[in-house]
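Structure, as structure tokens:
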Amino acid sequence: MRRAHDASRRADATPRTPRAATRRAHAAHIGPVNSDCGPCGAIGCSLVLHGGSVATDPEVRADRHPHNRRANGPAARCHHPPSAARGVLRSVRETARLAEDRRSWHRAPTTAAATLAAMPKIALHWKILIGLALGVVVGIIINTAWTDSTWKSMGVDVPSMYLDGIASPPVPEGLDLDSIPDEDRAAQYPNAAANSIAKAARFIRNANSFIGDLFMRMLKFIAVPIVLFSLIGGVASLNDTAKLGRIGSKTIGIYLVTTAVAITVGLLLANIVGPGNGFPTEIRESLQAAQQSTAEAKIAGASERPSPWSVLLDIVPANPFTAIAEGKMLQVVFASMLIGIGLTMLPRATAKPVVDFCETMTEVVIKIVHIALILAPYAVFALIVKVIADLGIDVLQSLAVYSITVVVGLGIMVFGVYPLVLMLFTKVGYTRFFSAIAPAQLLAFSSASSGATLPVTMESCEERLGVHEEVNSFVIPLGATINMDGTALYQGVAAVFIAQMYGLDLTIMDQLTIVLTATLASIGTAAVPGVGIVMLVIVLQSVGIPLEGIAVILGVDRILDMCRTTCNVTGDCMVCAVVASSENAIDDAETVRRKQAERARLDEYPPVEKEREEAAG
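FYI, the numbering for the sequence shown is 23 to 639, going by the working numbering.
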């Protein structure tokens with residue numbers, strides 16, 4: 023044992039760590055401290071190897087400790103100091119720990135960074151879902167509790183005029199508004215008596231609308247550049263026009279088939295449920311009178327729709343810069359494809375600078391998408407609050423059966439038809455698909471615009487689902503314009519509902535005409551909120567259903583528009599996965615996770631890891 027103590031003193035003569043004082047105190051009694059002695063947990067535990075020598079290497083102590091089941095090498099035993107020595111060691115160890123704490127004060131930012139890095143992060147789709155749920159709750163509270171009487175108590179006679187910021191005529195000096203009857207005051211000086219609470223409420227509403235409008239404008243700002251640069255780079259990188267033709271034909275064919283399937287599902291549900299049978303005449307007339315002016319404007323807009331030949335001709339832009347400035351997505355897609363094809367015909371060395379530029383700009387726009395998504399949970403809350411607060415609950419109750427029929431049909435497409443197609447033609451699982459596209463779905467529901475959701479849809483398919491850029495950059499922008507599965511299903515239900523409400527019988531040929539008309543009408547329709555009504559006018563005209571019935575369903579069109587846009591975006595992502603799988607251009611789940619980890623490491627390089635690497639180097 024004497025030799026062990028001597029060996030330990032010689033080995034620990036030169037302290038090399040902050041706890042060197044503790045080692046020296048221990049060595050004076052029983053040898054060096056095993057500060058990593060986890061199995062026995064005793065203060066001052068030392069490891070005496072075979073032959074009486076005391077282990078000083080931490081790795082040797084950890085590997086050969088007799089309490090460790092993974093121990094190997096020569097025999098070893100655990101030696102504990104006497105109680106007196108343990109008391110001395112405890113005091114010395116506390117002193118060394120305080121000194122170490124003082125030294126670490128200057129590294130507080132590093133410690134804080136490590137703590138933040140170690141905290142679990144909430145996934146983006148969960149943040150958006152939380153914002154969506156809160157928006158629905160707050161919107162319902164406002165809708166039910168904030169009535170016209172609430173506004174009147176704050177001096178607001180015409181809430182719509184007040185919220186729109188229309189100024190009231192000035193009140194003459196000396197005139198007491200309280201002395202004027204409410205009816206006369208509302209007619210002569212509307213909202214002139216609005217108090218500070220009403221002004222605060224209007225400010226909060228305007229601020230809420232500003233957040234939602236700002237986010238939507240950022241997405242629209244991104245939409246055209248991401249399609250332009252990604253499609254040019256993707257087509258040019260293919261270096262194969264035959265492959266581009268294959269991808270295009272598959273994409274258009276699947277989109278048209280799924281649209282026909284969707285409207286068929288809608289027609290079947292509407293015929294089975296019969297939402298318009300026995301619909302009360304008085305409710306129909308009241309709803310029709312309330313939305314008559316809006317319906318007439320929609321019908322007038324649909325009557326100006328160009329012929330099918332003009333729609334096809336309009337795909338080719340007369341001026342590509344005008345198409346980019348006006349955000350005409352089909353024209354942008356066509357121009358980008360032509361430029362990409364032209365680049366493939368050039369020598370590779372000549373085309374490479376342009377291709378590299380487009381690929382770099384695509385990465386830049388994707389980073390801008392990431393920046394915009396920071397605002398997404400708050401914007402979703404703002405958008406949903408406004409819709410739910412303005413929604414007519416009484417109108418929704420009157421059209422409950424019709425609305426539920428549409429939502430059930432959309433649910434069949436989203437959670438039944440699309441996963442079935444994925445199971446048959448791809449290896450993408452149910453959970454993987456929906457977890458990857460969840461941000462795009464939630465944003466589509468909030469914005470009711472496939473075009474505005476386009477950047478997030480492309481980001482979700484490429485970075486989260488693993489679709490390669492050359493397929494993603496072509497399929498998704500094209501789908502945002504011509505794929506209207508949810509809208510087509512809605513039109514089938516709406517057409518049957520209006521016909522049943524007026525007591526009209528639709529024959530099999532009439533319903534086949536609806537399928538064909540709605541499928542063709544979906545091509546070239548702008549991906550903006552409310553476009554389904556314009557398409558519905560065309561469908562109703564094709565089978566002779568009264569257009570006045572549109573006014574009855576306009577009251578719930580916004581909430582149904584949100585649901586059908588979600589179906590449209592989900593269909594875009596499904597077709598993108600199917601086409602990519604057929605071209606062997608989609609990564610497996612493990613590769614996607616690895617790429618996401620690499621991107622996270624490049625984007626958020628932890629300071630603690632950087633310091634460790636510098637210290638090791």
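Glycine included, every Cβ here is placed at the ideal spot set by N, Cα and C.
What do you get for residue i, buried or exposed, if any count of 16 or more other CB atoms within 10 angstroms of its CB means buried?
| i | result |
| --- | --- |
| Ile188 | exposed |
| Leu250 | buried |
| Pro40 | Legend: pLDDT at Pro40 = 45, less than 50; position of this residue unreliable, value from coordinates given subsequently. It counts as exposed. |
| Leu334 | exposed |
| Arg92 | In this predicted model, Arg92 has a pLDDT of only 42, less than 50, meaning its place in the structure is not dependable; the value taken from the coordinates is given anyway. Flag for Arg92 reads exposed. |
| Ala258 | buried |
| Ala371 | exposed |
| Ile530 | exposed |
| Glu484 | buried |
| Asp179 | buried |
| Lys389 | exposed |
| Gly234 | buried |
| Tyr452 | exposed |
| Pro369 | exposed |
| Phe7 | The first residue shown for the chain is 23 and the last is 639, placing residue 7 beyond what the model contains. |
| Met445 | exposed |
| Asn299 | exposed |
| Gly275 | exposed |
| Gly63 | A caution first: Gly63 carries a pLDDT of 46, below 50, which makes its placement in the model unreliable, though a value can still be read off. That one is exposed. |
| Lys149 | buried |
Return the chain-ordered list of same chain residues with a C-beta closer than 7 Å to the C-beta of residue i, the five sequence neighbours on each side being excluded.
| i | result |
| --- | --- |
| Leu151 | Leu464 |
| Pro212 | Asp179, Val180, Met183, Ser190 |
| Arg306 | Met523, Val574 |
Do you know offhand how far residue i's Cα is from residue j's?
| i | j | result |
| --- | --- | --- |
| Ala223 | Ile415 | 21 Å |
| Leu432 | Met367 | 44 Å |
| Leu418 | Tyr424 | 9 Å |
| Met351 | Thr503 | 7 Å |
| Arg621 | Val387 | 15 Å |
| Pro339 | Glu605 | 29 Å |
| Pro628 | Ala345 | Note that Pro628 scores a pLDDT of 47, beneath 50, so its modelled location is shaky and nothing firm can be said. |
| Val409 | Met435 | 24 Å |
| Ala619 | Thr588 | 28 Å |
| Arg580 | Ser175 | 30 Å |
| Pro375 | Leu569 | 55 Å |
| Glu318 | Ala167 | 32 Å |
| Val574 | Phe343 | 41 Å |
| Asn90 | Ile393 | Legend: pLDDT at Asn90 = 47, less than 50; position of this residue unreliable, value from coordinates given subsequently. Those two C-alpha atoms are separated by around 49 Å. |
| Asn221 | Ile396 | It should be pointed out that residue 221 corresponds to Lys in this sequence rather than to Asn. Looking at the two C-alpha atoms, the distance is approximately 30 Å. |
| Gly157 | Lys617 | 34 Å |
| Ile363 | Glu492 | 13 Å |
| Thr286 | Lys320 | 25 Å |
| Ala521 | Ile572 | 11 Å |
Got a sec? Which residues, its chain only, sit under 6 Å from residue i by beta carbon, not counting five neighbours each side?
| i | result |
| --- | --- |
| Gly593 | Thr280, Asn505, Asp507 |
| Asn261 | Thr366 |
| Lys272 | Val601 |
| Phe301 | Met523 |
| Trp173 | Pro181 |
| Cys585 | Val429, Leu432 |
| Ile337 | Leu352, Phe356 |
| Val489 | Cys483, Cys598, Ala602, Ile608 |
Within its chain, find whatever has a CB closer than 8 Å to the CB of residue i; leave out the 5 residues flanking it on each side and keep chain order.
| i | result |
| --- | --- |
| Val515 | Gly288, Leu289, Leu291, Ala292, Pro297, Tyr424, Thr427, Val428, Gly431 |
| Asp170 | Pro181 |
| Asn341 | none |
Does the distance from the CB of residue i to the CB of residue j come in under 7 Å?
| i | j | result |
| --- | --- | --- |
| Ile244 | Val391 | yes |
| Arg421 | Val578 | In the sequence as presented, Arg is not what sits at residue 421; that position holds Leu. Their beta carbons are under 7 Å apart, which means Leu421 touches Val578 by this criterion. |
| Val439 | Val354 | no |
| Thr541 | Ser564 | no |
| Thr448 | Ala599 | yes |
| Phe496 | Ile269 | yes |
| Ile458 | Leu500 | It should be noted that the sequence gives Ala, not Ile, for residue 458. The answer is no: Cβ separation not under 7 Å. |
| Ala462 | Val591 | yes |
| Val160 | Val407 | yes |
| Asn165 | Ala411 | yes |
| Thr316 | Leu576 | yes |
| Val450 | Gly255 | no |
| Ala460 | His147 | yes |
So, does the stretch 478–489 touch the stretch 462–470, judging by three or more C-beta pairs under 8 Å? Touching, yes, given that three or more Cβ pairs across the two stretches are closer than 8 Å.
Is the number of C-beta pairs between the stretch 250–267 and the stretch 356–365 that are closer than 8 Å three or more? Touching, yes.
Stretch pair the stretch 599–617 + the stretch 527–540: three plus CB contacts closer than 8 Å: Under the three-pair Cβ rule at 8 Å, the stretch 599–617 does not count as touching the stretch 527–540.
Any contact between the stretch 521–531 and the stretch 595–609? By contact I mean 3 or more CB pairs, one from each, below 8 Å. Not touching, per the Cβ criterion.
Pairs of beta-carbons, one from the stretch 372–386 and one from the stretch 211–230, closer than 8 Å: are there three or more? Flag = no, the stretch 372–386 and the stretch 211–230 do not touch.
Stretch-stretch touch, CB-based, cutoff 8 Å, three pairs: the stretch 395–408 with the stretch 558–576: The stretch 558–576 and the stretch 395–408 do not touch, with fewer than three beta-carbon pairs separated by less than 8 Å.
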